[in-house]
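Peer 1: Below is one structure. I have some questions about it.
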Amino acid sequence: MHLSPLFLLITLLAPTSLSLPAPTNSPSEPDCFYILDGDGTALPVSQAVIVPLVSEAESASHSAHSAQEGKPVIHTADELVEPTGDTTENLKKPVIHLATEHTENTENTDSNVASDKKPVIHTTDESSSPSSSTENPVIHTTTSNTTGDIPPPPGFIIQPKIGTAPKSPGGKILKQRFGPYVIPGGGKVGEYTDVPSPCPEGGCYITALESSLEYESGAEANIDTGAWLHHMVLVLYGKGRQDLVCGENPFGELQPIFASGNERATARLDNTHPAGIHLRANDTLALSTELMNQSPILKQVWLTVTLEYTFSPGYQAAELIWLDAAGCFGSDVPAKEGAYELRSKPWVWTGAKGGKGKKALRLLGGGGHVHDGGEQVTILKNNATICDSVQLYGRTSAYRESTQSSPSSSSSGSAHHHKRDGGLSHTAMQHISDSGRCSEAAMGIIKPGDMLQAGIANIYVTEINQ
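According to the UniProt record's numbering, numbering within the sequence shown proceeds without interruption in unit steps and concludes at 466.
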């Protein structure tokens, strides 16, 4: 994984780590960007999506958004304490789907899946209005007081969850459940698992992705009950597949297409343009994950991966831009005391991949990812800020520790310890609940020769012939 010219403003306890294809357990994780190819070929980018440009005049108009400059700073509080000991032997290897069900875009419908059965895949086939795919992400300004949730700041963009947002034209939703993962009290487990393609025959476009944890009943498993989705990474294998930033991977022909930490943010590629991750007939998917249990009690959880996809004509292939402060093919970033700054190596878009002509990239949206202690991820283009991805702490009750989620005094110490509380006046410890997203309108485009940089960030893009 690799960080391009994006800057982070972060307070870190300890960064997480990520490497492919094997799951990792280090303290910092990377962000990514999707990129869309103008002629329908997917290109790898670090969580930024790129759309083809239309003209130099349009390019000039977008450059006005990049006037503000800023350096990323990472502030650290207490160092993250990771679980000790090898708990992998306690993991029941997850198995993949047994059956499919057609359902109306509902959530938490896996409650009747027994722990000894394979995960069920739910799909919805109902199409939505073509105009719905071009709507921008909802900016939430209110939340329900009955759940103890707190409204995000004005203008803070939270991408709606799959199943609550308008679907892509002709869109279908596929929810897959992997597990059970059995995690000892104060422990962690990791696994590398094959993921069934939503369209084995090829030809579809993945337009939205998200991941979560749940219990056998289908109820969410989160910090308030001691469960942590430390990280998951979804990768795409296929002939000629490679990361746009890092190039060929030593583990084979693969490229990352999605990553999530416990903030569980949704990634959507077609908010403003018809773009998606294009799957071919022989492509395969796999995920690497690490899960943690900060309670003293053994827990059994399931990892869910939800994809929205479409066969709708007119969609363009997109890819993920993967920017990582640790560079390519590894994400270990040791935590420090006090305030400090992390930057990825600058990444310059050459305008070509695989011998193709010069192309510009439209950034469709993006954001950052950090672990507890991180405050903000700033994405830079040519040293000017194009995105400030602010991290919110404890905005919803699921991200506030309860009595049952706190490790006992004899625990191995899997909890994420930090001093941040997100500015919320609560006695329970707060953890990152939301990672701010940035829109295409704010991020603009990049032309050949432009540089991106960040600590850990993701951006979606589409590519345009020049």
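All C-beta atoms in this analysis are idealised placements derived from N, C-alpha and C, irrespective of residue type, glycine included.
Apart from the five residues on each side of it in sequence, which residues of its chain come closer than 6 Å, Cβ to Cβ, to T306?
Peer 2: Locating residue 306 in the sequence shown gives position 306, counting from the first residue. Taken in chain order, the residues that qualify are I162, K175 and E210.
Peer 1: Please report the Cβ distance between M443 and G365, rounded to the nearest whole angstrom; I am assuming they are in contact, meaning their Cβ atoms lie under 8 Å.
Peer 2: Translated into the one-based positions of the sequence shown, residue 443 becomes position 443. Translated into the one-based positions of the sequence shown, residue 365 becomes position 365. Rounded, the Cβ-Cβ distance is 7 Å, consistent with contact.
Peer 1: Select from G155, H431, A384 and Q391 the residue whose C-alpha is nearest the C-alpha of D450.
Peer 2: Along the sequence shown, one-based indexing puts residue 450 at 450. Residue A384 is the option with its Cα nearest to D450.
Peer 1: Applying the criterion that 16 or more other CB atoms from any shown protein chain within 10 Å of the CB defines a buried residue, is T124 buried or exposed?
Peer 2: For the purposes of this step, residue 124 is identified with residue 124 of the sequence shown, where counting begins at 1. Here the model assigns T124 a pLDDT of 34, short of 50, so the residue's position is not dependable, and the following value carries that caveat. It is buried - the Cβ of T124 has at least 16 other Cβ atoms within 10 Å.
Peer 1: Please state if the CB of D388 and the CB of T396 are separated by a distance shorter than 8 Å.
Peer 2: As a first step, residue 396 must be located in the sequence shown, where it is residue number 396. As a first step, residue 388 must be located in the sequence shown, where it is residue number 388. Not closer than 8 Å, so no.
Peer 1: Can you give me the start and stop residues for the alpha helix (DSSP H) that M443 sits inside?
Peer 2: In the sequence shown, counting from the first residue as 1, residue 443 sits at position 443. E440 to M443 is the span of the alpha helix (DSSP H), which, as asked, contains M443.
Peer 1: Within the continuous beta strand (DSSP E) that includes W302, where are the two ends?
Peer 2: Residue 302 sits at position 302 when you count from the first residue of the sequence shown. W302 -> beta strand (DSSP E) spans K299 to T310.
Peer 1: Within this structure, are the beta carbons of I446 and W302 separated by less than 8 Å?
Peer 2: Taking the sequence shown and counting its residues from 1, one reaches residue 446 at position 446. Taking the sequence shown and counting its residues from 1, one reaches residue 302 at position 302. Result no, Cβ atoms of I446 and W302 do not sit closer than 8 Å.
Peer 1: Leaving out five residues before and five after S433 in sequence, what residues of the same chain have Cβ atoms less than 8 Å from its Cβ?
Peer 2: Indexing the sequence shown from 1 puts residue 433 at position 433. Answer for S433: E263, L392, Y393, G394, R395, T396, A398, Y399 and G422, listed in chain order.
Peer 1: By DSSP, does residue 468 sit in helix, in strand, or in coil?
Peer 2: One cannot answer for residue 468 here, as it falls past the ends of the chain, which runs 1 to 466.
Peer 1: State the start and end residues of the unbroken beta strand (DSSP E) segment that holds C387.
Peer 2: Position 387 of the sequence shown holds residue 387. It spans A384 to Y393 - the beta strand (DSSP E) in which C387 sits, taken as one unbroken run.
Peer 1: If you draw a straight line from the C-alpha of Q255 to the C-alpha of T304, how long is it?
Peer 2: Your numbering for residue 255 matches position 255 in the sequence shown. Your numbering for residue 304 matches position 304 in the sequence shown. Cα-Cα distance, rounded: 20 Å.
Peer 1: Are the Cβ atoms of L363 and V245 separated by less than 8 Å?
Peer 2: Against the sequence shown, residue 363 aligns to sequence position 363. Against the sequence shown, residue 245 aligns to sequence position 245. No, the Cβ-Cβ distance between L363 and V245 is not below 8 Å.
Peer 1: Kindly list the residues whose CB is nearer than 7 Å to the CB of G185, restricted to its own chain and excluding five residues on each side of it in sequence; keep chain order.
Peer 2: Here the question's residue 185 lines up with position 185 in the sequence shown. Excluding sequence neighbours, G185 sits near N293, S295, P296, I297, L298 and S411.
Peer 1: Our contact map puts Y237 next to G252 with C-beta atoms below 8 Å; I'd like the distance itself, whole angstroms only.
Peer 2: Within the sequence shown, the letter at position 237 stands for residue 237. Within the sequence shown, the letter at position 252 stands for residue 252. With 8 Å as the limit, Y237 and G252 qualify as a contact, their Cβ atoms being about 7 Å apart.
Peer 1: So what's A318 in DSSP terms, helix, strand or just coil?
Peer 2: To locate residue 318, count along the sequence shown from 1; it is residue 318. A318: coil per DSSP, three-state reduction.
Peer 1: Indicate whether L291 and I183 have their beta-carbon atoms separated by less than 8 Å.
Peer 2: Here residue 291 refers to the residue found at position 291 of the sequence shown. Here residue 183 refers to the residue found at position 183 of the sequence shown. Yes, Cβ-Cβ distance for L291 and I183 is below 8 Å.
Peer 1: Can you check which of these residues, G373, S435 and T164, is closest to P153 by C-alpha distance?
Peer 2: The residue you call residue 153 lines up with position 153 of the sequence shown. Ranking G373, S435 and T164 by Cα distance to P153 puts S435 first.
Peer 1: Of all the options S439, P448 and Q453, which has the alpha carbon lying nearest to the alpha carbon of D270?
Peer 2: Walking along the sequence shown from the start, residue 270 turns up at place 270. It is S439.
Peer 1: Identify whether Y399 lies in helix, strand or coil by the three-state DSSP scheme.
Peer 2: Translated into positions along the sequence shown, residue 399 becomes position 399. Note: Y399 maps to helix in three-state DSSP.
Peer 1: In terms of alpha-carbon separation, which member of V390, Q300, Y340 and T207 lies closest to A221?
Peer 2: Residue mapping note: residue 221 aligns to position 221 of the sequence shown, counting from 1. The option with the nearest alpha carbon to A221 is Q300.
Peer 1: Since I believe T266 is in contact with Q159 (beta carbons under 8 Å), could you give me their beta-carbon distance rounded to a whole number of angstroms?
Peer 2: By one-based count along the sequence shown, residue 159 stands at place 159. By one-based count along the sequence shown, residue 266 stands at place 266. Yes, Q159 and T266 are in contact; Cβ-Cβ is about 4 Å, under 8 Å.
Peer 1: Mapping the DSSP letters down to three states, classify A265 as helix, strand or coil.
Peer 2: Locating residue 265 in the sequence shown gives position 265, counting from the first residue. A265 falls in the coil class under three-state DSSP.
Peer 1: With DSSP run on the structure shown, which of helix, strand or coil describes P160?
Peer 2: For the purposes of this step, residue 160 is identified with residue 160 of the sequence shown, where counting begins at 1. If DSSP states are grouped into helix, strand and coil, P160 belongs with coil.
Peer 1: Label N282 either buried or exposed according to how many other C-beta atoms from any shown protein chain fall within 10 Å of its C-beta, with 16 as the threshold for buried.
Peer 2: Reading the sequence shown from its first residue, position 282 is the one you call residue 282. It counts as exposed.
Peer 1: What is the rounded straight-line gap between the Cα of K345 and the Cα of I321?
Peer 2: Here residue 345 is taken as the residue at index 345 of the sequence shown, counted from 1. Here residue 321 is taken as the residue at index 321 of the sequence shown, counted from 1. For K345 and I321, the distance between alpha carbons rounds to 14 Å.
Peer 1: Which stretch, first to last residue, makes up the beta strand (DSSP E) that contains M292?
Peer 2: For the purposes of this step, residue 292 is taken as the residue at position 292 of the sequence shown. Where M292 is concerned, the enclosing beta strand (DSSP E) stretches over T284 to N293.
Peer 1: What's the gap between the Cα of E463 and the Cα of V390?
Peer 2: Indexing the sequence shown from 1 puts residue 463 at position 463. Indexing the sequence shown from 1 puts residue 390 at position 390. Their Cα atoms are separated by approximately 27 Å.
Peer 1: Here's the rule I'm using: 16 or more other beta-carbon atoms within 10 Å means buried, otherwise exposed. How should E319 be labelled?
Peer 2: Along the sequence shown, read from residue 1 onward, the residue named residue 319 stands at position 319. Counting Cβ neighbours within 10 Å, E319 comes out buried, since at least 16 surround it.
Peer 1: For P448, which residues of its own chain have a beta-carbon under 8 Å away from its beta-carbon, when the five flanking residues on both sides are left out?
Peer 2: Walking along the sequence shown from the start, residue 448 turns up at place 448. Excluding positions up to five away in sequence, the list reads W349, T350, G351, A352, K358, K359, A360 and Q466.
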